[in-house]
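Under the UniProt record's numbering, the first residue of the sequence shown is numbered 1, with each subsequent residue one higher. What follows is a single structure, written as structure tokens, with notes after it.
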Amino acid sequence: MPVERIASIFAAQPMMAHLGISLGEVAPGRCALHLPLRAALTQQNGFLHAGALTTLADTACGFAAYTLMPEGANVLTAEFKLNLLRPADGDAVARAEVIRAGKLLSVARADIFCAGPQGERLCATMTATLVCQPS
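In structure tokens form, the structure reads like this:
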């Protein structure tokens with residue numbers, strides 16, 4: 001699927017604009033998304049809320065899988081598992097890649113890194129199953 005098409009579909013999702021998520025690098029089977037730390041997305045201790053991180057990782061996995069789907073198809077999430085490894089105390093980036101691409105189901109993984117004084121630190125990881133919905 002052309003990168004321009006991915007960017008167009010990403011831009012059509014109001015949730016991404018609402019959360020401030022931006023599209024990063026996109027390549028076949030891969031997608032990176034960025035989420036800046038801001039007060040409106042934090043929990044009581046000032047860390048990025050798990051709900052925001054979940055949305056970031058799920059969307060990155062979905063678009064990574066979508067890059068390998070036929071033109072006109074849609075992608076839907078069937079399931080995911082998120083492991084929160086440490087508090088997300090900085091700007092976050094989710095880097096997703098497809099582990100297995102099938103005709104109907106694909107499996108993708110996303111690692112979420114947060115920027116800190118010592119550089120990026122792994123804060124969470126997701127494994128997701130995505131469904132290819134033919135046109």
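Beta carbons: idealized from backbone N, C-alpha and C, even for Gly.
Among the options, the one whose alpha carbon lies nearest that of residue i
{"i": "G24", "options": "V3, E120, A88, A115", "result": "V3"}
{"i": "L130", "options": "A92, R121, E79, E97", "result": "E79"}
{"i": "T55", "options": "I21, M1, K103", "result": "I21"}
{"i": "Q118", "options": "G90, G46, M1", "result": "G90"}
{"i": "Q44", "options": "T67, A88, A124", "result": "A88"}
{"i": "P28", "options": "V98, C114, A39", "result": "V98"}
{"i": "I9", "options": "P36, V75, L122", "result": "V75"}
{"i": "L53", "options": "A65, R30, P134, L37", "result": "L37"}
Between the CA atoms of residue j and residue i - distance to the nearest angstrom
{"i": "I6", "j": "A32", "result": "12 Å"}
{"i": "A17", "j": "T127", "result": "24 Å"}
{"i": "A57", "j": "V107", "result": "13 Å"}
{"i": "E71", "j": "M1", "result": "6 Å"}
{"i": "T42", "j": "E120", "result": "19 Å"}
{"i": "F63", "j": "A110", "result": "11 Å"}
{"i": "C132", "j": "G46", "result": "37 Å"}
Collapsed DSSP secondary structure at residue i in the structure displayed
{"i": "A108", "result": "strand"}
{"i": "A17", "result": "helix"}
{"i": "A88", "result": "coil"}
{"i": "A7", "result": "helix"}
{"i": "A96", "result": "strand"}
{"i": "A12", "result": "coil"}
In DSSP terms, what residue i is bridged to
{"i": "M126", "result": "L82, A110"}
{"i": "G119", "result": "G116"}
Next item on the list: Jot down the residue ranges of each uninterrupted beta strand (DSSP E) in the segment 22 to 81, minimum 3 residues, whole runs only, in chain order.
Entry: 22 to 27, 30 to 35
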